[in-house]
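2 protein chains.
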Amino acid sequence: MTAEIICVGTELLLGDILNSNSQFLAIELAALGIGHYYQTVVGDNPERIKQVLQIARLRSSILLLTGGLGPTPDDLTHETLADFFGVGMVEKPEVIADITQKYAARGRKMAASNRKQASIPAGSDILPNPTGTAPGIIWQPRPDLFILTFPGVPSEMHRMWRETAVPYLKSQGWGKQIVHSRMLRFWGIAESTLADKVASFFDIANPTVAPYASKGQVRLRISAKAESIAAAEELIAPVEEQIKNVAGSDYFGADEDTLAGVVGELLQEAGQTLAVAESCTGGGLGQMLTGIPGSSSYFLGGAIAYHNSVKESILKVDPQDLAEFGAVSDKVAQQMAKGAIEAFGSTWGLSITGIAGPGGGTDDKPVGLVYIGLAGPGGEVESFEYRFGALKSRDLIRHFSACTALDRLRRKLLRFT
Amino acid sequence: MTAEIICVGTELLLGDILNSNSQFLAIELAALGIGHYYQTVVGDNPERIKQVLQIARLRSSILLLTGGLGPTPDDLTHETLADFFGVGMVEKPEVIADITQKYAARGRKMAASNRKQASIPAGSDILPNPTGTAPGIIWQPRPDLFILTFPGVPSEMHRMWRETAVPYLKSQGWGKQIVHSRMLRFWGIAESTLADKVASFFDIANPTVAPYASKGQVRLRISAKAESIAAAEELIAPVEEQIKNVAGSDYFGADEDTLAGVVGELLQEAGQTLAVAESCTGGGLGQMLTGIPGSSSYFLGGAIAYHNSVKESILKVDPQDLAEFGAVSDKVAQQMAKGAIEAFGSTWGLSITGIAGPGGGTDDKPVGLVYIGLAGPGGEVESFEYRFGALKSRDLIRHFSACTALDRLRRKLLRFT
Chain A
1 MTAEIICVGT
11 ELLLGDILNS
21 NSQFLAIELA
31 ALGIGHYYQT
41 VVGDNPERIK
51 QVLQIARLRS
61 SILLLTGGLG
71 PTPDDLTHET
81 LADFFGVGMV
91 EKPEVIADIT
101 QKYAARGRKM
111 AASNRKQASI
121 PAGSDILPNP
131 TGTAPGIIWQ
141 PRPDLFILTF
151 PGVPSEMHRM
161 WRETAVPYLK
171 SQGWGKQIVH
181 SRMLRFWGIA
191 ESTLADKVAS
201 FFDIANPTVA
211 PYASKGQVRL
221 RISAKAESIA
231 AAEELIAPVE
241 EQIKNVAGSD
251 YFGADEDTLA
261 GVVGELLQEA
271 GQTLAVAESC
281 TGGGLGQMLT
291 GIPGSSSYFL
301 GGAIAYHNSV
311 KESILKVDPQ
321 DLAEFGAVSD
331 KVAQQMAKGA
341 IEAFGSTWGL
351 SITGIAGPGG
361 GTDDKPVGLV
371 YIGLAGPGGE
381 VESFEYRFGA
391 LKSRDLIRHF
401 SACTALDRLR
411 RKLLRFT
Chain B
1001 MTAEIICVGT
1011 ELLLGDILNS
1021 NSQFLAIELA
1031 ALGIGHYYQT
1041 VVGDNPERIK
1051 QVLQIARLRS
1061 SILLLTGGLG
1071 PTPDDLTHET
1081 LADFFGVGMV
1091 EKPEVIADIT
1101 QKYAARGRKM
1111 AASNRKQASI
1121 PAGSDILPNP
1131 TGTAPGIIWQ
1141 PRPDLFILTF
1151 PGVPSEMHRM
1161 WRETAVPYLK
1171 SQGWGKQIVH
1181 SRMLRFWGIA
1191 ESTLADKVAS
1201 FFDIANPTVA
1211 PYASKGQVRL
1221 RISAKAESIA
1231 AAEELIAPVE
1241 EQIKNVAGSD
1251 YFGADEDTLA
1261 GVVGELLQEA
1271 GQTLAVAESC
1281 TGGGLGQMLT
1291 GIPGSSSYFL
1301 GGAIAYHNSV
1311 KESILKVDPQ
1321 DLAEFGAVSD
1331 KVAQQMAKGA
1341 IEAFGSTWGL
1351 SITGIAGPGG
1361 GTDDKPVGLV
1371 YIGLAGPGGE
1381 VESFEYRFGA
1391 LKSRDLIRHF
1401 SACTALDRLR
1411 RKLLRFT
């Protein structure tokens, strides 16, 4: 009894989008302990979709289809499924009502083309889409075959999967032996260095430990197979504890934790507040901090000091120091951090100034050179120099800068609490 | 004569990695004008790989396989291909020499496990790997069937594709007719509404027109088949012109254009500058603007006015208005935009204040309610109310807010120029 992932969409064949839906469903199926051996991508073409269904139907019991549920004429997944299994399409008034209401909530009228999204194969049930207009279906067209469909929009698909599809699959008896994972997150250490430190854990069998890395963040996934989540957690806990001991302060959180969230918790515990002063990140640090719901209780705001005039006017950076040391310097980073505290009345001031590229670098100050300033209570101020590498992209240098600034504050706050 | 992409790797079935190789090859095939209708992912399992080969062989003439060429025992792509077509494996001394030399250059000795990488199916040719140890193969095991294999490591695969595979495919007569596309981008119109407006274009054959949408941005892709890029562009141009006429100002750019980039160009043309005042987006608008290299010539900076005290101190929002109308109101949005101009000395001030959720909504002011303020030269100021929907995620509401603010300024600037 295995599942199969079928992604429908000519845009995937043209390479317009990356197929993240396959990865999402693959991870989710693994977590449920449901095996899957094949993934297929096919265009918005009824004949070819039917050929794929014919093959998949013979080798798998659960078909998960994404894409082709939109309002346009090339969205044909439901029509093709109905045709393949020899049933008609049925219009569901509750879907019309749902789409109408969603448009009305945004002050708009439902377009005529949306009407087709309300028709699903006869005998199938609606898999509700809380956020978009395209519902999916749950259908058992044959005794040994279960079909679930989802829109191609990842955010809609994820929610539908978690809220409706998973409970349904479990109610059918799948997902009994579960795989439960915990993801440990690290910042400020290279993947290879961490891997060497925890090498002994890579050989154990249950739980398994596997390293991942992307955009500067290193992760270790501890996965246990067990009868229940509680039993899996018992297997995971001692390994997690040992890894944390080895990693020390490079470990910053687990699972859904983010640097911004962890910093927020530490600030809240300490009853302290933060303001930022951003040059090369242009707001990216503030955006990360305010991505956390409830961040208004410790994050006051900040200055996007992109032009030097803003560094002077709002942050009171000394024009002479700007001229002498340049905007990208320890001195200016420190003054920006202090200026943030003064302008916004926060406990902490965190600043970033650097050269994100691709232009603007010199031999002396190459692209990727970034200074982070950190000012705290009682007038103390520090700064840190980073060289993220001139060959990195502008986006990545800005991302590293914002994350590293958060990590600097995190390490500082850890010493306070 | 079509191609098919087959990605081999259990790590793809576990969701450990995102399948970027499929997207890369899809884009490359499209550019060569080689059609492909299916992509398959299968694990490192010889029986299942053979089943996939059996299916693909009957429907495609070029099979592109990635993955399974490594030195470990689970890397079995070449062995399985040889077995499927009933030939033996042949060890290639030149590959042994190449791997030995690559290790020597790094001061190492070739590991015993690498030896297996030097064996390829009898009758196939080596597809050289300039950067890694795993060569691919080019093989015509049947008169009507061409097989190319690549390692799963994207950087190695890309280089092998460009340096050896493409010239080979062209020498076989493929890639004579190219497909060239142009992506038109729209903001402020629903996919279904735009689709209704341009419905007549969906039926034409060359170029084709197809709609896409994600995160509020709607796109139309115009793809032409022709002998050359210039000839394709001639087919695309009149359709593009007509679509732009139909869409009016909802069209904002093409191909790599972004809202932030288009706004930047308009500001530069006008010799004007911009400052922002962000509440619920917390820096996201500034981040988008400064994502454009060279944005310092028109973007001065901004205030992240997350706490009301910052709205008052830096942006001079009237405390009484804050108390009477609330931070999320037309009045405050307008004052924030004006305040940005005054604090930063810019031509334009653009502000965002809203409720990004998930908490903080009321019946009166639900999650998703956002006000955008736009102040311009000569003291003029406007504001716009949006209801992005209480069920949308915090991230999406913030993304919509920042993009919509940019779009508002874009439309305003268009009337100026």
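From first to last, the protein sequence lines stand for chains A and B. Going by our numbering, the final residue of the first sequence carries number 417, and the count climbs one at a time with no gaps. Going by our numbering, the final residue of the second sequence carries number 1417, and the count climbs one at a time with no gaps. Here a beta-carbon is modelled for each residue, glycine too, at the ideal position from N, C-alpha and C. Only a predicted model underlies this, so the values are computations on that prediction, with no experimental measurement involved.
Beta carbon of residue i nearer than 8 Å to that of residue j
| i | j | result |
| --- | --- | --- |
| R1408 of chain B | P1358 of chain B | no |
| L300 of chain A | F252 of chain A | no |
| K215 of chain A | H399 of chain A | yes |
| D250 of chain A | F186 of chain A | yes |
| D1044 of chain B | D1083 of chain B | no |
| L1058 of chain B | G1175 of chain B | no |
| A375 of chain A | K338 of chain A | yes |
| L1064 of chain B | I1006 of chain B | yes |
| A390 of chain A | V370 of chain A | no |
| A1230 of chain B | L1413 of chain B | no |
| I137 of chain A | H180 of chain A | no |
Whole-number beta carbon distance between residue j and residue i, since they are thought to touch under 8 Å
| i | j | result |
| --- | --- | --- |
| D1196 of chain B | S113 of chain A | 6 Å |
| Q1217 of chain B | G15 of chain A | At roughly 18 Å, the Cβ-Cβ gap does not stay under 8 Å, so Q1217 of chain B and G15 of chain A are not in contact. |
| D330 of chain A | S401 of chain A | Contact doesn't hold; Cβ gap of about 15 Å is too wide. |
| M1089 of chain B | T1100 of chain B | Not quite, the Cβ-Cβ distance comes to about 19 Å (not below 8 Å), so this is no contact. |
| E234 of chain A | Q177 of chain A | At roughly 15 Å, the Cβ-Cβ gap does not stay under 8 Å, so E234 of chain A and Q177 of chain A are not in contact. |
Identity of the residue in the options nearest residue i by Cα
| i | options | result |
| --- | --- | --- |
| V209 of chain A | A:A226, A:F384 and A:M183 | A:M183 |
| I1062 of chain B | B:V1166, B:R1048, B:N1245 and B:N1129 | B:V1166 |
| L69 of chain A | A:P154, A:A104, A:P143 and A:E234 | A:P154 |
| P71 of chain A | B:Y1038, B:A1213 and B:L1065 | B:A1213 |
| S346 of chain A | A:N308, A:S296 and A:L169 | A:S296 |
| L1259 of chain B | B:G1291, B:L1406, B:Q1039 and B:E1385 | B:L1406 |
| I397 of chain A | A:E11, A:K412, A:A375 and A:G361 | A:G361 |
| I126 of chain A | A:A105, A:D98 and A:R387 | A:D98 |
| F1325 of chain B | B:C1007, B:L1065, B:G1009 and B:T1353 | B:T1353 |
| S60 of chain A | A:N129, A:L148, A:T131 and A:R108 | A:L148 |
| H1036 of chain B | B:S1200, B:A1190, B:M1001 and B:M1288 | B:M1001 |
| N129 of chain A | A:K116, A:G107 and A:V95 | A:V95 |
| P1293 of chain B | A:G294, A:M288 and A:G282 | A:G282 |
| A247 of chain A | A:G123, A:Q320 and A:V198 | A:V198 |
| L1085 of chain B | B:Q1117, B:G1136 and B:L1145 | First, the residue type needs correcting, since residue 1085 of chain B is Phe and not Leu in the sequence shown. Minimum Cα distance to F1085 of chain B is reached at B:L1145. |
| T238 of chain A | A:V263, A:D321, A:P207 and A:L266 | In the sequence as displayed, the identity of residue 238 of chain A is Pro instead of Thr. Taking only the C-alpha atoms, the option nearest P238 of chain A is A:P207. |
| T193 of chain A | A:K311, A:E4, A:S181 and A:P211 | A:P211 |
| E265 of chain A | A:Y298, A:M157 and A:E47 | A:Y298 |
Separation of residue j from residue i, as counted between CA atoms
| i | j | result |
| --- | --- | --- |
| W348 of chain A | E241 of chain A | 31 Å |
| K1316 of chain B | G1286 of chain B | 20 Å |
| T1080 of chain B | N1019 of chain B | 22 Å |
| G999 of chain B | L220 of chain A | This structure leaves residue 999 of chain B out entirely; chain B is present only between 1001 and 1417. |
| V1332 of chain B | A1277 of chain B | 11 Å |
| S351 of chain A | Y306 of chain A | 12 Å |
| L53 of chain A | V1041 of chain B | 15 Å |
| I1341 of chain B | L25 of chain A | 48 Å |
| C403 of chain A | Q1140 of chain B | 50 Å |
| I1236 of chain B | N1245 of chain B | 14 Å |
| G291 of chain A | G284 of chain A | 10 Å |
Under 7 Å from the C-beta of residue i: neighbouring residues of chain C
| i | result |
| --- | --- |
| I1027 of chain B | In the structure shown, chain C cannot be found, because the protein chains are A and B. |
In the stretch 35-55 of chain A, which residues sit with their C-beta less than 8 Å from some C-beta in chain B, listed in chain order?
For chain B, the residues of the stretch 35-55 of chain A that bring a beta carbon within less than 8 Å of one of its beta carbons are H36, Y37, Y38, Q39, T40, V41, V42, G43, N45, R48, Q51, V52 and I55, in chain order.
Mind checking the stretch 1198-1212 of chain B against chain A and listing, in chain order, the residues whose C-beta falls within less than 7 Å of any C-beta there?
If the cut-off is 7 Å between Cβ atoms, the stretch 1198-1212 of chain B has F1202, A1210, P1211 and Y1212 near chain A.
Output, in sequence order along the chain, the residues in the stretch 11-23 of chain A whose CB is closer than 8 Å to any CB in chain B.
Flagged, chain order: E11, L12, L13, L14, G15, D16, I17, L18, N19, S20, S22 and Q23.
Using a Cβ-Cβ cutoff of 9 Å, what residues of the stretch 1254-1283 of chain B are near chain A? List them in chain order.
Across the stretch 1254-1283 of chain B, CB contacts with chain A closer than 9 Å involve T1273, A1275, V1276, E1278, S1279, C1280, T1281, G1282 and G1283, in sequence order along the chain.
Below 8 Å between beta carbons is the criterion; list the residues of the stretch 91-106 of chain A that meet it against any residue of chain B, in chain order.
The residues in question are K102, A105 and R106.
Please name the residues in the stretch 1356-1386 of chain B whose beta-carbon is closer than 7 Å to at least one beta-carbon of chain A, in chain order.
For the stretch 1356-1386 of chain B, which is checked against every Cβ of chain A, the residues closer than 7 Å are P1358 and G1359.
Could you run through the stretch 1294-1305 of chain B and flag, in chain order, every residue whose CB is less than 9 Å away from some CB of chain A?
Taking 9 Å as the Cβ-Cβ cut-off against chain A, the residues of the stretch 1294-1305 of chain B that qualify are G1294, S1295, S1296, F1299, L1300, G1301, G1302, A1303, I1304 and A1305.
Going along the chain, which residues of the stretch 114-129 of chain A sit with their C-beta nearer than 7 Å to a C-beta in chain B?
Considering only beta carbons, the part of the stretch 114-129 of chain A lying closer than 7 Å to chain B consists of N114, in chain order.
Name, going along the chain, the residues of the stretch 1313-1344 of chain B whose beta-carbon falls closer than 8 Å to a beta-carbon of chain A.
Answer set for the stretch 1313-1344 of chain B: S1313, I1314, A1343 and F1344.
Going along the stretch 1390-1415 of chain B in order, which residues come within less than 8 Å of chain A, judged by CB to CB distance?
Hits within the stretch, in order: A1390, L1391, K1392, S1393, R1394, D1395, L1396 and R1398.
Note down, in chain order, all residues in the stretch 165-196 of chain A with a beta-carbon under 7 Å from any beta-carbon belonging to chain B.
Hits within the stretch: zero.
Note down, in chain order, all residues in the stretch 1053-1078 of chain B with a beta-carbon under 9 Å from any beta-carbon belonging to chain A.
Result list: I1055 and R1059.
Beta carbons nearer than 9 Å to chain B: which residues of the stretch 220-236 of chain A have them?
Listed by position along the chain: R221.
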